[in-house]
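Residue numbers (my numbering): 1 to 295.
Shown next as structure tokens:
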């Protein structure tokens, strides 16, 4: 192996320069600029002049009931989507892994919603949730349950979004779990059968522990993506955060403040708070993974 020289290092950076310019322009610069904008205490929108810096945007942010509601809704969404999505996708993945006939067909069917546009998915679910002729209310009627206005009642708007998001994200999680299941050596199950272990014992003592790294990956990605939920809200409720802002999430709040109300400092401060929340949860998951998951 050749020893690195200044010439070879410079040539390497020259090859990387186009990508570094793109990353710096569209990723790094917006991050630092957003951090700076979050401290605009006195900003003239017309002259683009910053007269004073301070923590006023953060103070105003936490005094805004709408932002506190957005945090609450986002946490409810994350707690509703991530655990259920993992449980359902793991169950489906185990079933798909146990069948041979038409296995590829069923995997494709489950994966289709994930690669389908969120707008298209939302159009279908708006029809499913329709109060008068939606299929969801039709089946509820068979159980003698009156029609529910999922998209117009503030009590059910967030639930409607959670159900749709779980359905849309199942395909990706199923594929990841299938990869994890296929990486488990069959000899473990054969040895367990010889020792008299039943299906549930094999699942809890072999499948779950060996799927630890896969579950960790799915949970981290699920938490991050759920905290950043926006498309589902915007598409399902026609560009609004649900009836009476009942489906307002943190990213939608940032979008509203930045693009609709031109309150750049407030939007940037909210973005920083969202970043810190995601960072804390990711570090917490990494700590749990390091302590309890064995590779």
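No residue lacks a Cβ here, since even glycine has one placed at the ideal position from N, Cα and C.
About 6 Å separates the Cβ atoms of residue 227 and residue 78, confirming a contact at the 8 Å cut-off. Between residue 189 and residue 106, the alpha-carbon positions lie close to 25 Å from each other.
In this structure, residue 184 sits near residue 210, with a CB-CB distance shorter than 8 Å. By the criterion of a C-beta distance shorter than 8 Å, residue 116 is surrounded in its chain by 168, once the five residues flanking it on both sides are discounted. Distance from the CA atom of residue 51 to the CA atom of residue 36, rounded to whole angstroms, is 13 Å. Residue state for residue 238 is assigned as coil, using DSSP reduced to three classes.
DSSP places residue 186 in the uninterrupted alpha helix (DSSP H) bounded by 186-194. Residue 20 and residue 9 have their C-alpha atoms spaced approximately 15 Å apart.
Excluding its 5 nearest sequence neighbours in each direction, residue 249 has C-beta neighbours in its own chain below 8 Å: 70, 73, 74, 77, 229, 230, 233 and 241, listed in chain order.
Out of 213, 103, 244 and 166, the CA that lies nearest to the CA of residue 89 is found in 166. Beta-bridge partners assigned by DSSP to residue 49: 44. With fewer than three CB-CB distances shorter than 8 Å, the stretch 252-259 does not count as touching the stretch 275-282. Between residue 243 and residue 153, the gap from beta carbon to beta carbon is short of 8 Å. Assignment of residue 69 by DSSP, reduced to helix, strand and coil, places it in the helix class.
Assignment of residue 60 by DSSP, reduced to helix, strand and coil, places it in the helix class.
Counting only runs that start and end inside the stretch 132-172, the alpha helix (DSSP H) elements of at least 4 residues fall at 135-142.
When the five nearest sequence neighbours on each side are left out, the beta carbons in the same chain lying within less than 7 Å of the beta carbon of residue 215 are those of 86, in order along the chain. For a cut-off of 8 Å, the C-beta gap from residue 57 to residue 39 is around 7 Å, short enough to register as a contact. When secondary structure is reduced to three states using DSSP, residue 290 falls in the helix class. In its chain, beyond the 5 residues on either side, 189 and 192 have a beta carbon closer than 7 Å to the beta carbon of residue 202.
Under the three-state reduction of DSSP, residue 3 is assigned to coil, being neither helix nor strand.
In this structure, the alpha-carbon of residue 159 lies about 19 Å from that of residue 132.
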